[in-house]
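Participant: Would you mind keeping the following structure in view while I ask a few things?
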Amino acid sequence: MNLLIKRIGLVLVLAASALLAGGCGTLQLGQPQPSLENIQAMKAAKITKSGVGRFTLAEGKDPSLDKYVGVRAHALEAPQGSFARYLQETLEAELRAAGLLDPAAEALIEGYLIDRQLDPAIGQGSGKLAARFIVSRQGKVVFDRELAAESTWESSFVGAIAIPMAIHEFNALFRKLVAKLIQDPDFISAMAQ
217 MNLLIKRIGL VLVLAASALL AGGCGTLQLG QPQPSLENIQ AMKAAKITKS
267 GVGRFTLAEG KDPSLDKYVG VRAHALEAPQ GSFARYLQET LEAELRAAGL
317 LDPAAEALIE GYLIDRQLDP AIGQGSGKLA ARFIVSRQGK VVFDRELAAE
367 STWESSFVGA IAIPMAIHEF NALFRKLVAK LIQDPDFISA MAQ
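Here the working numbering is used: the first residue of the sequence shown is 217, the next is one more, and so on.
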């Protein structure tokens, strides 16, 4: 058992060393994963099936807002070059897992990335993700709202601990923002079966 713990510890130390050895580096979020809480919330709300349209950066925003965010000496890049697209894919993953994603549905959800922040400061890290969500049915807008999700967490002085934690928390913000959407009473009304 002690040998196993030592080996796991060695692997973690080597992984952290590799992460920090490059000094500045580029990191990327993994594939969006649905959350059980969001799936259950969608089923409990009895929302109808929907399609997911395009998610893009809101007009007038700095393009870098959609492409990368600094994580100490590293840059965290958006998969496929867009955090707005990552939000779209997160929503699609949640709807798919709940059996509610249907590209041919009469309801269509689209969105615009408004803000994204990540600060893995020593002591306390923080993050924020905000988007405007629009639901239309047969071309008529039935829901249009800006929503935001925020998070704070204990952030270590040690980069090998703080950087993975910041990435984890930033990734979770996408699911939290989807949770805000699916728990919004007006969204539930707009998506009622």
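All C-beta atoms, glycine included, are put in the ideal place defined by N, C-alpha and C. This structure is a prediction, so every number in the text was calculated from the model and none was measured.
1) Shortest alpha-carbon distance to K396 belongs to which of L316, R332 and M258?
2) Which word fits A320, buried or exposed, when buried means at least 16 other C-beta atoms lie within 10 angstroms of its C-beta?
3) List the residues that DSSP assigns as beta-bridge partners of L273.
4) Compute the Euclidean distance between the alpha carbons of A388 and L345, then round it to the nearest angstrom.
5) In the DSSP assignment, find the unbroken beta strand (DSSP E) run with D360 in it and report its ends.
6) State the beta-bridge partners of K344 as determined by DSSP.
7) Relative to the C-alpha of E322, which candidate in V268, L307, G246 and E308 has its C-alpha closest?
8) Output the boundary residues of the alpha helix (DSSP H) element that contains G286.
9) Taking the straight line between their C-alpha atoms, what separation do you get for A260 and D331?
10) Would you mind reading off the limits of the alpha helix (DSSP H) that contains T242?
11) Can the beta-carbon of Q244 be found less than 9 angstroms from the beta-carbon of P295?
12) Just to confirm before moving on: does the CB-CB distance between V316 and S266 stay below 9 angstroms?
13) Hey, quick one: how far does the beta strand (DSSP E) through E293 stretch, first residue to last?
Facilitator: Quick look at the numbers:
1) Against the sequence shown, residue 396 aligns to sequence position 180. The residue with the shortest Cα to Cα distance from K396 is M258.
2) One-based indexing of the sequence shown puts residue 320 at position 104. A320 comes out exposed.
3) The sequence position of residue 273 within the sequence shown is 57, counting from 1. L329.
4) Walking along the sequence shown from the start, residue 388 turns up at place 172. Walking along the sequence shown from the start, residue 345 turns up at place 129. Looking at the two C-alpha atoms, the distance is approximately 10 angstroms.
5) Taking the sequence shown and counting its residues from 1, the one referred to as residue 360 is at position 144. Unbroken beta strand (DSSP E) run through D360: K356 to S371.
6) As a working mapping, residue 344 is identified with position 128 in the sequence shown. According to DSSP, K344 bridges with Q333 and E366.
7) Walking along the sequence shown from the start, residue 322 turns up at place 106. Of V268, L307, G246 and E308, the residue nearest in Cα terms is V268.
8) Along the sequence shown, one-based indexing puts residue 286 at 70. First-last for G286: Y284 to V287, but that is the beta strand (DSSP E), not the alpha helix (DSSP H).
9) On the sequence shown, position 44 is the one that residue 260 refers to. On the sequence shown, position 115 is the one that residue 331 refers to. Cα to Cα, A260 sits roughly 29 angstroms from D331.
10) In the sequence shown, the residue the question calls residue 242 occupies position 26. Looking at the DSSP string, T242 is not in any alpha helix (DSSP H); the run it does join, the beta strand (DSSP E), is G241 to Q244.
11) By one-based count along the sequence shown, residue 244 stands at place 28. By one-based count along the sequence shown, residue 295 stands at place 79. Against a cut-off of 9 angstroms, the Cβ pair of P295 and Q244 comes out as a contact.
12) For the purposes of this step, residue 316 is taken as residue 100 along the sequence shown, with counting starting at 1. For the purposes of this step, residue 266 is taken as residue 50 along the sequence shown, with counting starting at 1. Note on residue identity: the sequence assigns Leu, not Val, to residue 316. Contact flag set, yes.
13) On the sequence shown, position 77 is the one that residue 293 refers to. H290 to E293 is the span of the beta strand (DSSP E), which, as asked, contains E293.
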